[in-house]
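Step one of this worksheet: look at the structure below.
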Amino acid sequence: MRIEAYIIEHRGRLRNHGVSHEKVEAARKEVEDMGAAEVEKVSALVPHLLTIPHKKIWVDYDEEADVLYVNFKRPSRADDSELTDDDVIIRREKGEVVGMTFLNVAKRFGTKGKA
């Protein structure tokens, strides 16, 4: 569902709960701004993603553990793994790289608390 459609659909409910028109419009603007920022961030990744030999990529970040999981196959059943000097676990299935696990991501890349 597009953001605009979501806001329009839910606007009546917000007003029915005592939320002013100004607050609804401020929330709409915030959602639009967040959307633009996210597009910009993901767009910066596109050139790098196109160079990866895998056509499908799943990414999960565990903030509490500060671990980023990157999978190239789902389900993946790694039968071998290697921990690099850079705290990256390379996971393989029958010799093929099926995923990578990046440890201490926010700490290493200086992104803790940045949205």
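Number 62 in the numbering used here belongs to position 62 of the sequence shown; there are no gaps in the numbering. Glycine residues also receive a C-beta, built at the ideal position from the N, C-alpha and C atoms.
At which residues does the alpha helix (DSSP H) containing residue i begin and terminate?
i    : result
R108 : 105 to 109
Where does the unbroken beta strand (DSSP E) through residue i begin, and where does it stop?
i   : result
S76 : No beta strand (DSSP E) holds S76; DSSP gives it neither H nor E.
D62 : 58 to 62
Which class does residue i belong to by DSSP, given the choice of helix, strand or coil?
i   : result
G35 : helix
T51 : helix
N16 : At N16, the pLDDT of 48 sits below 50, so the modelled position is not reliable and the matter cannot be decided from this model.
Within 10 Å of its beta-carbon, does residue i have 16 or more other beta-carbons around it, so buried, or fewer, so exposed?
i    : result
R116 : Nothing about residue 116 can be reported from this structure: the residues present for the chain run from 1 to 115 only.
R74  : exposed
V105 : buried
V46  : exposed
For the putative contact between residue i and residue j, defined by C-beta atoms under 8 Å, what is the C-beta separation to the nearest angstrom?
i    : j   : result
M100 : V70 : 5 Å
Leaving out five residues on either side along the sequence, give the residues of the same chain with a beta carbon under 6 Å from the beta carbon of residue i.
i   : result
H54 : F72
D60 : Y69
Who are the Cβ neighbours of residue i in its own chain at under 8 Å, not counting the five residues just before and after it?
i   : result
D79 : R92, E93, K94
Whose C-beta lies closer than 7 Å to the C-beta of residue i among residues of the same chain, with five residues either side of it excluded?
i   : result
I90 : S81, E82, T84, V97, M100
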